[in-house]
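**Student:** As given, the protein sequences belong to chains B and E, one line each in that order.
For the first sequence, the residue numbers in our numbering are 61 to 472.
For the second sequence, the residue numbers in our numbering are 93 to 451.
C-beta: ideal position from N, C-alpha, C; glycine also.
Since the structure is predicted, the reported quantities are computational estimates derived from the model, not experimental observations.
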Amino acid sequence: MTRVALPVRLRLPALSARTRRRVTIPVAAAVVVWLLLYPWLYTSYLSNTLTQWLPDTSTAFVILAFTVMGLGLNFVVGYAGLLDLGYVAFFASGSYVAGWLASQQFAGVTISLGGTAAKGTPGIHITPWLVILAAALFSAVLGVLIGIPTLRLRGDYLAIVTLGFGEIIPQFVNNGDNIAGHNITNGSFGMTGIDGLGFGNRLHSVFSFLPANFLNEIDSRWYYWTALALVAITIATSILLRDSRLGRAWVAIREDEDAAGAMGIPLMRTKTMAYLIGAFFGGAAGALITLQASATSPDAFVLQISIFVLSMVILGGMGNVWGVLVGGLVLAYVNYKGLYAIGNTFNSTFGTNVQVPEYANLIYGAAIVLFMLVRPEGLIPSARRRSELHEEEEEEREAEAAAHGEIGGTPA
Amino acid sequence: MGTSARTATGSAARPVLALVPRLRGRVVSSLGVLLLLVVVFWLVENAVQNFDQFLLVTLNGVTNGSIYALVAIGYTLVYGILELINFAHGDVFSWGAMVSSTVALSWLGAKGGEAGFALFGSLVLTAVCAAAFCATLNMTVERIAYRPLRNAPRLAPLITAIGMSFVLSNLIAVFYGFDYVSTNPILPQGAIFHIGNQPYGWDKLIVLLVTFPALIGMTFVVQRTRWGKAMRATAQNRDAARLMGIDVDRAISFAFGLGGALAGIGGFVYLIYFTNARFDLGFRIGLFAFTAAVLGGIGNIAGAAIGGYLIGFIENYNSGLTWHALGPSWTESLVFILLILILVFRPHGLLGESLSTRS
Numbered sequence: 061m062t063r064v065a066l067p068v069r070l071r072l073p074a075l076s077a078r079t080r081r082r083v084t085i086p087v088a089a090a091v092v093v094w095l096l097l098y099p100w101l102y103t104s105y106l107s108n109t110l111t112q113w114l115p116d117t118s119t120a121f122v123i124l125a126f127t128v129m130g131l132g133l134n135f136v137v138g139y140a141g142l143l144d145l146g147y148v149a150f151f152a153s154g155s156y157v158a159g160w161l162a163s164q165q166f167a168g169v170t171i172s173l174g175g176t177a178a179k180g181t182p183g184i185h186i187t188p189w190l191v192i193l194a195a196a197l198f199s200a201v202l203g204v205l206i207g208i209p210t211l212r213l214r215g216d217y218l219a220i221v222t223l224g225f226g227e228i229i230p231q232f233v234n235n236g237d238n239i240a241g242h243n244i245t246n247g248s249f250g251m252t253g254i255d256g257l258g259f260g261n262r263l264h265s266v267f268s269f270l271p272a273n274f275l276n277e278i279d280s281r282w283y284y285w286t287a288l289a290l291v292a293i294t295i296a297t298s299i300l301l302r303d304s305r306l307g308r309a310w311v312a313i314r315e316d317e318d319a320a321g322a323m324g325i326p327l328m329r330t331k332t333m334a335y336l337i338g339a340f341f342g343g344a345a346g347a348l349i350t351l352q353a354s355a356t357s358p359d360a361f362v363l364q365i366s367i368f369v370l371s372m373v374i375l376g377g378m379g380n381v382w383g384v385l386v387g388g389l390v391l392a393y394v395n396y397k398g399l400y401a402i403g404n405t406f407n408s409t410f411g412t413n414v415q416v417p418e419y420a421n422l423i424y425g426a427a428i429v430l431f432m433l434v435r436p437e438g439l440i441p442s443a444r445r446r447s448e449l450h451e452e453e454e455e456e457r458e459a460e461a462a463a464h465g466e467i468g469g470t471p472a
Numbered sequence: 093m094g095t096s097a098r099t100a101t102g103s104a105a106r107p108v109l110a111l112v113p114r115l116r117g118r119v120v121s122s123l124g125v126l127l128l129l130v131v132v133f134w135l136v137e138n139a140v141q142n143f144d145q146f147l148l149v150t151l152n153g154v155t156n157g158s159i160y161a162l163v164a165i166g167y168t169l170v171y172g173i174l175e176l177i178n179f180a181h182g183d184v185f186s187w188g189a190m191v192s193s194t195v196a197l198s199w200l201g202a203k204g205g206e207a208g209f210a211l212f213g214s215l216v217l218t219a220v221c222a223a224a225f226c227a228t229l230n231m232t233v234e235r236i237a238y239r240p241l242r243n244a245p246r247l248a249p250l251i252t253a254i255g256m257s258f259v260l261s262n263l264i265a266v267f268y269g270f271d272y273v274s275t276n277p278i279l280p281q282g283a284i285f286h287i288g289n290q291p292y293g294w295d296k297l298i299v300l301l302v303t304f305p306a307l308i309g310m311t312f313v314v315q316r317t318r319w320g321k322a323m324r325a326t327a328q329n330r331d332a333a334r335l336m337g338i339d340v341d342r343a344i345s346f347a348f349g350l351g352g353a354l355a356g357i358g359g360f361v362y363l364i365y366f367t368n369a370r371f372d373l374g375f376r377i378g379l380f381a382f383t384a385a386v387l388g389g390i391g392n393i394a395g396a397a398i399g400g401y402l403i404g405f406i407e408n409y410n411s412g413l414t415w416h417a418l419g420p421s422w423t424e425s426l427v428f429i430l431l432i433l434i435l436v437f438r439p440h441g442l443l444g445e446s447l448s449t450r451s
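1) Quick one: complete alpha helix (DSSP H) runs, 4+ long, within the region 289-345 of chain B?
2) By DSSP's criteria, residue 455/E is part of a beta bridge. Which residues make up the other side?
3) I'd like the ranges of any alpha helix (DSSP H) spanning at least 4 consecutive residues and lying wholly in the region 372-440 of chain B.
4) What residue range is occupied by the uninterrupted alpha helix (DSSP H) comprising residue 285/E?
5) Taking the straight line between their C-alpha atoms, what separation do you get for residue 93/E and residue 119/E?
6) When you compare only the Cα positions, how much space is there between residue 319/B and residue 406/B?
7) Whose C-beta lies closer than 8 Å to the C-beta of residue 215/B among residues of the same chain, with five residues either side of it excluded?
8) Flag residue 233/B as yes if its beta-carbon sits less than 9 Å from any beta-carbon of chain E, otherwise no.
9) Is it the case that the region 348-356 of chain B contacts the region 241-260 of chain B, given that we only count it when at least three CB pairs across the two stretches are under 8 Å?
10) Does residue 372/E pass the burial test, meaning 16 or more other C-beta atoms within 10 Å, or should it be called exposed?
11) Name the chain B residues whose beta carbon is nearer than 8 Å to that of residue 246/E?
12) Quick check: the Cα distance between residue 175/E and residue 413/E, rounded to an integer number of angstroms?
13) Using beta-carbon positions only, say whether residue 130/B and residue 259/B come within less than 9 Å of one another.
14) I'd like to know whether the C-beta atoms of residue 165/E and residue 398/E end up nearer to each other than 9 Å.
15) Bridge partners for residue 290/E per DSSP, in chain order?
16) Hey, residue 332/B and residue 208/B are a contact pair by Cβ (cut 8 Å); roughly how many whole angstroms apart?
17) Could you give the DSSP three-state label for residue 251/E: helix, strand or coil?
18) Residue 103/E by DSSP, collapsed to three states: which one?
19) Which ranges would you report for the alpha helix (DSSP H) in the region 301-383 of chain E if only whole runs of at least 4 residues count?
20) Please report how far the alpha carbon of residue 436/E lies from the alpha carbon of residue 389/B, in whole angstroms.
21) For residue 183/B, which beta-bridge partners are listed by DSSP?
22) Beta carbons nearer than 7 Å to chain E: which residues of the region 416-439 of chain B have them?
23) In three-state terms, what does DSSP make of residue 180/E?
24) Taking its Cβ as the centre, do 16 or more other Cβ atoms sit within 10 Å of residue 433/E, making it buried, or is it exposed?
25) Can you check which of these residues, 341/E, 222/E and 211/E, is closest to residue 194/E by C-alpha distance?
26) Can you tell me whether residue 425/E is buried or exposed, with buried defined as 16 or more other CB within 10 angstroms of its CB?
27) Kindly indicate the opening and closing residues of the alpha helix (DSSP H) around residue 217/E.
28) Closer than 8 Å by beta-carbon distance: list the chain B residues that pair up with residue 262/E, in chain order.
29) Going along the chain, which residues of its own chain have a beta-carbon closer than 7 Å to the beta-carbon of residue 274/E, five neighbours each way excluded?
30) Counting only Cβ pairs nearer than 9 Å, list the residues of chain E close to residue 221/B.
31) With 16 other CB atoms within 10 Å as the buried threshold, where does residue 250/E fall?
32) What residue from 169/B, 168/B, 167/B and 163/B has the CA that sits closest to residue 176/B's CA?
33) With distances taken from CA atoms, which of 288/B, 242/B, 198/B and 80/B is nearest residue 126/B?
34) Take every Cβ of the region 332-343 of chain B, pair it with every Cβ of the region 199-207 of chain B, and state whether three or more of those distances are shorter than 8 Å.
35) For a contact meaning CB atoms closer than 8 Å, what does residue 422/E contact in chain B?
36) Under the three-state reduction of DSSP, which class applies to residue 356/B: helix, strand or coil?
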């Protein structure tokens, strides 16, 4: 009996995996093509009823940029299991680096290095591609600086300390117009007139097919594609790291920190790496959003953003890249388009005037609670995470099975 | 070759390395003493330069500290028993302020200027309503969001706590709107007596008149009643308490109720003193109060009260003193940096844990 039953049980998942692949690959290909062509589809091919529910290209850009943040936070919360409630700090740092390196904030100097501003504009103007990289690196350094003193703390203390940093950094930029007499952040006014994406005049004069800057409305496509590329890079990094030595070390720490330490995993270094990488992508996304918005202000960096990004990770499925990708896209869509669309439809149907988007935070809060209670592994869970979260039930089931004599003893 | 080199340097470096933790401890503690001396000097210098201002700021510190103490005890009770940071506690406090405004304004129609017995009665009724409401609210939060996750990984209830915090604060916005809700100054105006040159009015006095009995009553309940004993037993060892016949779920529920009632009283006092409140009030007060609880040693009730007063002083000295203070725009950063420093260098706070003996 056992000899017959065992191969059947082994074959079944293999079969389903193959069929799953048969479905997944075409669907994934269709999604990628749809995402790549979305700017054209939106303007030319989609009907009005659809476009009422779909974001325009600039909004789609913001959705993608926030998805990058969700994927970045997934390194910290999903992979390493460190609850970070102050992720907005890295959004802020990336944003302000973009302001420093691509605006007239430091008008005392005139430095241009492939910047997209007109020739001779005062201030520092670095090519936006490098600005994004610099913002990411700066945020990564900040992540390490925050991590070194705090990562030794227990999980719940770490959560509250990150929450504190999420408040300190916006307060710092708010008060940063007078740090020992220097105006570093322009205070509560924030920075305006930040350069956009582009290849700069010098490159444009050599290679005319590379636009100097993307200032037309049509050019929001370029922002969209840049964000899409950043999403792709983040996903690739997630997958590569997940299957690496570092990724396995993160999982080990998440499951049992003491055991991981006893097995020789350097706890501090491994946890700091999670912070570093998470902060890197948060900073990159923050810089990209700032380059598109062309302004930054301390009012933007509130706790709500940290929680918003955290709910992407939880809803999607902590630790699963594809889950967080879906969670990020869905929640960012809901935040930047869906709630308005729902509100408009609701109000026009019932003749009311409910400001649905105002209650976004109520919805996120309720969603977080509901998901943690009903489906803590998220929409698309990682198998490993699910087993961790349902450890108790599994043990119960096993105990029950053992009590009924189902394990070991097979009927002859 | 590499191995031998490593062992050689390792054995040579070991005596030096062994010194590092001790050296580090000494450096940290002497830095701490130095910092304390600087702070004391700064306070004395401020007091000498402008004593009236110093006195005013100190009195304000006592008043604000009372409110933080009331809220901090809720954090410490829950942490002592469940090892959970109840992020929603600050928003329970804001609900206390909001319910107080409804009871005082709409039900009792307090406009200010009522005298004597009527005023006293309506104040007591308002405080009782706020306390009862917040106790129920906090117990409901525990029932909905924390109890089902009692055996889940530690991160899970922490995440629902932050979710509940958002739900509660935004529910205030649903019922009361996003703007400030303000009341008339209900208490008699003017000074009752003077301390130095500073007038001391009813608005400040009532904070103390409410806080001290509440703290004493709470201590009595925790130390002297069967319920308090059950709660302390549960905090010490949940399984052992269960074996002794204690209903652990009810003991935990009771801790949430007690903390919620104190937060409700805190909300009432806040509204009476500041005469306005807003839906997101609880976030800042909650974080300050949590810092206070950690400062005093989380799990320690007396520590939470002391920490509350310390935070009240820190806040007001920083924003009110004139000689070399950072000013109000840095207060939050200062408090959070203090929180981080305590957690990193002295995670057991000033008094250590006493409600729960676990490390």
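**Tutor:** Judging by the given coordinates:
1) Look at the region 289-345 of chain B and you find these whole runs of alpha helix (DSSP H), each 4 residues long or longer: 305-315 and 317-322.
2) The question about residue 455/E has no answer here: the residues shown for chain E are numbered 93 through 451.
3) Within the region 372-440 of chain B, the complete alpha helix (DSSP H) segments of 4 residues or longer fall at 381-393, 399-410 and 420-434, listed in chain order.
4) Residue range 283-287 is occupied by the beta strand (DSSP E) that includes residue 285/E, with no alpha helix (DSSP H) assigned at that position.
5) Low confidence applies to residue 93/E: its pLDDT is 37, below 50, so where it sits in the model is not reliable, and the reading given next is rough at best. Near 37 Å, if we compare the C-alpha coordinates of residue 119/E and residue 93/E.
6) Taking the straight line from one Cα to the other gives about 53 Å.
7) Contacts found: 141, 142 and 143.
8) By this cut-off, residue 233/B is not an interface position.
9) The region 241-260 of chain B vs the region 348-356 of chain B: in contact.
10) Answer is buried; the Cβ neighbour count reaches 16.
11) What residue 246/E touches in chain B: 215 and 216.
12) The straight-line gap separating the alpha-carbon atoms of residue 175/E and residue 413/E is approximately 37 Å.
13) Taking 9 Å as the cut-off, the beta carbon of residue 130/B is found no closer than this to the beta carbon of residue 259/B.
14) Not a contact, by the Cβ cut-off of 9 Å.
15) Residue pairing of residue 290/E in beta bridges, as defined by DSSP: 287/E.
16) A Cβ-Cβ distance of about 7 Å is found for the pair residue 332/B and residue 208/B, placing them in contact under the 8 Å criterion.
17) Helix, per DSSP.
18) Low confidence applies to residue 103/E: its pLDDT is 43, below 50, so where it sits in the model is not reliable enough to give any reading.
19) For the region 301-383 of chain E, whole alpha helix (DSSP H) runs of length 4 or above, ordered along the chain, are 318-328, 330-335 and 340-366.
20) Approximately 37 Å between the Cα atoms of the pair.
21) For residue 183/B, which the question treats as bridged, DSSP gives the partners 170/B.
22) Residues passing the 7 Å Cβ filter: 419, 421, 422, 424, 425, 426, 428, 429, 432, 433 and 436.
23) Residue 180/E: coil per DSSP, three-state reduction.
24) Label assigned to residue 433/E: exposed.
25) Checking every option, the nearest Cα to that of residue 194/E belongs to 222/E.
26) Within 10 angstroms of the beta-carbon of residue 425/E lie 16 or more other beta-carbons, which makes it buried.
27) Element bounds for residue 217/E: 208-233.
28) What residue 262/E touches in chain B, judged by beta-carbon distance under 8 Å, is 419, 421, 422 and 425, going in chain order.
29) Once the five neighbours on either side are set aside, the close Cβ partners of residue 274/E are 367 and 368.
30) By Cβ distance, chain E contributes 428, 431, 432, 435 and 436.
31) By the neighbour-count definition (other C-beta atoms within 10 Å, threshold 16), residue 250/E is a buried residue.
32) The shortest C-alpha separation from residue 176/B is found at 163/B.
33) Nearest C-alpha to residue 126/B: 288/B.
34) Enough Cβ pairs lie closer than 8 Å, so yes.
35) One finds 231 and 235 in chain B with Cβ atoms closer than 8 Å to the Cβ of residue 422/E, taken in chain order.
36) Residue state, collapsed to three classes: strand.
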